[in-house]
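Listed in order, the protein sequences are those of chains A and B.
The opening residue of the first sequence carries number 0 in numbering that gives the first Met the number 0; numbering runs sequentially from there.
The opening residue of the second sequence carries number 0 in numbering that gives the first Met the number 0; numbering runs sequentially from there.
Notes follow the structure.
2 protein chains.
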Amino acid sequence: MASVRDIAKQAGVSTATVSRVLNNQPSVSEAVKRRVLTAVNETGYVQSIGRRSTGNIAYVYTDDSSLGSPFDAAVMTGLSSGLESSGYDLMVLHARHSRHPEETFGQMFLRKGVAGAIIRTTVSTRHVCESIAQEGFPAVVVGDRFEEGSAHHVEFESREASREAVSHLLDQGHRRIAMCTNVVDDTDHVDRVAGYMDAMRERGLEPDHQHVIRVPANRLGGEQLVRRVLTMKDRPTALFVADPFTCIGVFKEARAQGIDIPNDLSVIGFDDSDLRYSVYPVMSSVCQDAGKLGREAYTLLQQLMGEDAPPNQATEPRNCRLRAWFEVHGSTAPYPLDSTE
Amino acid sequence: MASVRDIAKQAGVSTATVSRVLNNQPSVSEAVKRRVLTAVNETGYVQSIGRRSTGNIAYVYTDDSSLGSPFDAAVMTGLSSGLESSGYDLMVLHARHSRHPEETFGQMFLRKGVAGAIIRTTVSTRHVCESIAQEGFPAVVVGDRFEEGSAHHVEFESREASREAVSHLLDQGHRRIAMCTNVVDDTDHVDRVAGYMDAMRERGLEPDHQHVIRVPANRLGGEQLVRRVLTMKDRPTALFVADPFTCIGVFKEARAQGIDIPNDLSVIGFDDSDLRYSVYPVMSSVCQDAGKLGREAYTLLQQLMGEDAPPNQATEPRNCRLRAWFEVHGSTAPYPLDSTE
DNA sequence: CATTTGTTTTGGAACAGTTTCATTTAACCC
DNA sequence: GGGTTAAATGAAACTGTTCCAAAACAAATG
Chain A
0 MASVRDIAKQ AGVSTATVSR VLNNQPSVSE AVKRRVLTAV NETGYVQSIG
50 RRSTGNIAYV YTDDSSLGSP FDAAVMTGLS SGLESSGYDL MVLHARHSRH
100 PEETFGQMFL RKGVAGAIIR TTVSTRHVCE SIAQEGFPAV VVGDRFEEGS
150 AHHVEFESRE ASREAVSHLL DQGHRRIAMC TNVVDDTDHV DRVAGYMDAM
200 RERGLEPDHQ HVIRVPANRL GGEQLVRRVL TMKDRPTALF VADPFTCIGV
250 FKEARAQGID IPNDLSVIGF DDSDLRYSVY PVMSSVCQDA GKLGREAYTL
300 LQQLMGEDAP PNQATEPRNC RLRAWFEVHG STAPYPLDST E
Chain B
0 MASVRDIAKQ AGVSTATVSR VLNNQPSVSE AVKRRVLTAV NETGYVQSIG
50 RRSTGNIAYV YTDDSSLGSP FDAAVMTGLS SGLESSGYDL MVLHARHSRH
100 PEETFGQMFL RKGVAGAIIR TTVSTRHVCE SIAQEGFPAV VVGDRFEEGS
150 AHHVEFESRE ASREAVSHLL DQGHRRIAMC TNVVDDTDHV DRVAGYMDAM
200 RERGLEPDHQ HVIRVPANRL GGEQLVRRVL TMKDRPTALF VADPFTCIGV
250 FKEARAQGID IPNDLSVIGF DDSDLRYSVY PVMSSVCQDA GKLGREAYTL
300 LQQLMGEDAP PNQATEPRNC RLRAWFEVHG STAPYPLDST E
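What follows is the structure in structure tokens.
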């Protein structure tokens, strides 16, 4: 295992200078800095103060916004409940800000005493995960899937539950069912659209492309969605909305516009937590247990940390899929409404 | 500054043994452990590897439930935004589970490389904060106030905004105004009740004690509240609800019971984040910026860490109060309703 | 009771990385 | 060029941790 002294020797400088480079202190010339960093990379240096072993698990968020959402909160809660009995501590890191320039993720993690990482990603930050996975550092990705198997990940399987949800609407007589998805193609949103398509085609219905509507996955997107649906000429009688916050916006704007859910419009939403119970009528939803996702991610991470992975080499990816499920509540009604009621 | 070697000399043991005690490793006799710990306390030892100062800030939660709420999420987001530019990393610890038996909080923090702590408390875990404050370890409490000045804290001043809110209702003609507060007396809830009392007495109205209603501060509490209010004989015409989740429950159950907000019942709620926009009509609320609370807590903590506080001795408490403000939206209407509209 | 055996406890030394202080090197300005 | 200032660097001293062997203790056995 290379130490600062080895690097110092190889780069022809003192250990003090190596330390300065490693801690990004000023007053090191560019030339020396570059020489040290190449030596660091060649030797595959990892920090170990004293001989202390690393004792932290990192929750790495890659996007500025992804720390305050209920999904993240639930994942972190699940994670920390798993950590409690383990002796590891939880550390929250930002992928971009925590890392020094030219430093690999593995080096950054070891510098901070991190033994394994849970990476929270979005579709726009997938490359970060892939680069971590390539280094062979124990890491599990949550929040997005990696088809090519380039990274270990824990994900939800929501296609089947989405199919069931849309089937339920079809069973109730709805035919003009609009599907609402995010403006960017997160893999889980893609799944939900696929589930919608499955259900439609199962009945021999070719889904109208007009009926797949994209709005931002937040409350304002939901409000926008309702206004768009109201002005469509073949107005949908039911909505399948692939995001929890969008649903909240839908319920609010529907109320504002005097649309009665479920009598004027049936809505099936999505729920990570217990948001479905916060609206009236309680929202029929495809549900996912984000807390469980956190716990499972930690379980998988434990396995990865247990094996002494060869450094700088990715191991065969191991994944875990949690099933989403469909719950019928009060926001769906048969169509056409039985007027005798 | 005392080092392990000083402690070793004072306790008459080797540095290896001191290190073992500090890291709570087994295979140290009780007698020696006690001797080392007294030496640690007498010298006011602080860890510094190499000569590096410790590099983590801890977010300490004292209650199992308090990690997933939007309030916590917002505080953590604010906190981590302040941390980004500072070089510190964020660590999440549980007060009870992270600490070894017989270990002081200061020792626990130092063992984990924590330079300062943000403590999230509830009324039931105040003693934890006081005990940390007594040790003189840099720590700032969020979520509750400490009248006696025993701990540094950052809090919201919501009494005045609450008074304004209730005054607004009185201006609109309401006289039977019910106040809803938590079943346990969190200091901020106490403030809000005080603001309610202020407004009533300002007009020479002696508040009816029947009108101060206690329900659990969550959605179900809000639902319960509505059902209770409906069965009161002098039914209130307006509600002032001191908790965001309770409000959500109120809006939901009101809708379920066919109560029209604001025409049948005016409601003023509370909002930590942007929950007020997720209901229809948008909720008139007393608002607090939880993210700012996190940032201010970090600013205060920075000050505390900057001063070399005398070890094991609490410094003069320094506090920060953030003003809550009142926002009028759509959930309030004059009483009696002007029927010409 | 003496002896052996095994476990627990302890210290010495080697090692990890960081920082202070003095020295060297470079730059700059008359 | 000479003198001054600032930047860059290294030797040494310092931090805490862990390996390894020795010591102390306990327990079983002859």
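Glycine residues also receive a C-beta, built at the ideal position from the N, C-alpha and C atoms.
The structure displayed is predicted, hence computed values, not measured ones.
Any chain A beta carbon closer than 9 angstroms to residue i
i: B/Gly67; result: yes
i: B/Ser79; result: yes
i: B/Glu326; result: no
i: B/Leu336; result: no
i: B/Gly247; result: Checking the sequence, you will find Ile at residue 247 of chain B rather than Gly. With 9 angstroms as the cut-off, B/Ile247 counts as an interface residue toward chain A.
i: B/Asp62; result: no
i: B/Ala308; result: Reliability of the predicted coordinates at B/Ala308 is poor, the pLDDT of 45 falling under 50, and the value obtained from them is presented with this limitation in mind. Not closer than 9 angstroms to any Cβ of chain A, the Cβ of B/Ala308 fails to qualify, so no.
i: B/Tyr297; result: no
i: B/Asn311; result: The predicted position of B/Asn311 is uncertain, since its pLDDT is 44 and thus under 50; no value can be drawn from it.
i: B/Leu36; result: no
i: B/Phe250; result: yes
i: B/Pro215; result: no
i: B/Thr16; result: no
i: B/Pro25; result: no
i: B/Val240; result: no
Residue-chain proximity (residue i, chain B), Cβ-Cβ < 9 angstroms
i: A/Tyr44; result: no
i: A/Asn262; result: no
i: A/Asn40; result: no
i: A/Ala255; result: yes
i: A/Glu154; result: no
i: A/Gly220; result: no
i: A/Glu159; result: no
i: A/Ala1; result: no
i: A/Lys291; result: no
i: A/Glu340; result: Per-residue confidence for A/Glu340 stands at a pLDDT of 46, beneath the threshold of 50, marking its modelled position as unreliable; no derived number is given.
i: A/Ser97; result: yes
i: A/Ser277; result: yes
i: A/Ala323; result: no
i: A/Glu83; result: yes
i: A/Thr103; result: no
When the options are compared against residue i, the one with the closest alpha-carbon
i: B/Pro243; options: B/Ala94, B/Val225, B/Val285; result: B/Val285
i: A/Gln209; options: A/Gln133, A/Arg200, A/Cys179; result: A/Cys179
i: A/Leu66; options: B/Ile56, B/Ser79, B/Tyr58; result: B/Ser79
i: B/Thr343; options: B/Arg33, B/Asp143, B/Gln256; result: Nothing can be reported for residue 343 of chain B, as the shown portion of chain B is limited to 0 through 340.
i: B/Asp259; options: B/Ser68, B/Val17, B/Gly142, B/Ala332; result: B/Ala332
i: B/Asn55; options: B/Glu83, B/Glu154, B/Val31, B/Tyr44; result: B/Glu83
i: A/Arg33; options: A/Pro235, A/Arg162, A/Ile6; result: A/Ile6
i: B/Arg254; options: B/Pro280, B/Val240, B/Val327, B/Ser272; result: B/Pro280
i: B/Ser123; options: B/Glu29, B/Tyr60, B/Arg234, B/Val214; result: B/Tyr60
i: B/Ala132; options: B/Gly105, B/Val214, B/Asp190, B/Ala323; result: B/Gly105
i: A/Arg191; options: A/Arg98, A/Ala241, A/Pro261, A/Glu154; result: A/Ala241
i: B/Ser161; options: B/Asp197, B/Val91, B/Met304; result: B/Asp197
i: A/Val183; options: A/Ala216, A/Ala177, A/Gly194; result: A/Ala216
i: B/Leu219; options: B/Asp88, B/Val228, B/Val189, B/Glu252; result: B/Glu252
i: B/Gly293; options: B/Met282, B/Cys319, B/Val278; result: B/Cys319
Pairing CB atoms from the region 112-119 of chain B with CB atoms from the region 289-304 of chain B, are three or more of them under 8 angstroms? Three or more Cβ pairs drawn from the region 112-119 of chain B and the region 289-304 of chain B lie within less than 8 angstroms of each other, which places the two stretches in contact.
Beta strand (DSSP E) segments (min. 3 residues) lying fully within the region 152-191 of chain A: If you keep only unbroken beta strand (DSSP E) runs of at least 3 residues inside the region 152-191 of chain A, you get 152-156, 176-180.
What ranges does the alpha helix (DSSP H) occupy inside the region 233-318 of chain B, keeping only unbroken runs of at least 4 residues that lie completely in it? When DSSP assignments are scanned along the region 233-318 of chain B, the uninterrupted stretches of alpha helix (DSSP H) that are 4 or more residues long and fall wholly within it turn out to be 243-255, 289-305.
Whole beta strand (DSSP E) elements within the region 191-238 of chain B, 3-residue minimum: As far as the region 191-238 of chain B is concerned, its whole beta strand (DSSP E) runs of at least 3 residues are 211-213.
Report the residue ranges of all beta strand (DSSP E) runs contained in full by the region 107-134 of chain A; include only those spanning at least 3 residues, in chain order. The qualifying runs are 113-119.
In chain order, which continuous runs of the alpha helix (DSSP H) of length 4 or greater are located wholly inside the region 9-40 of chain B? If we require 4 residues or more, the alpha helix (DSSP H) runs fully inside the region 9-40 of chain B come out as 14-21.
Are three or more beta carbon pairs between the region 38-48 of chain A and the region 63-82 of chain A nearer than 8 angstroms? The region 38-48 of chain A vs the region 63-82 of chain A: no contact.
Select from the region 108-134 of chain A all residues with a C-beta closer than 8 angstroms to any C-beta belonging to chain B, and list them in chain order. Listed by position along the chain: Lys111, Gly112.
Three-pair Cβ contact test at 8 angstroms for the region 207-225 of chain B versus the region 237-255 of chain B: With the cut-off at 8 angstroms, the region 207-225 of chain B and the region 237-255 of chain B touch.
Any chance the region 264-272 of chain B sits against the region 165-175 of chain B, with 3 or more Cβ pairs inside 8 angstroms? At 8 angstroms Cβ cutoff, the stretches touch.
Using a Cβ-Cβ cut-off of less than 9 angstroms, give me the residues of the region 189-207 of chain A that come near chain B, in sequence order. Residues: none.
When you compare the region 188-205 of chain B with the region 153-173 of chain B, are there three or more beta-carbon pairs, one atom per stretch, that lie closer than 8 angstroms? Yes, they touch.
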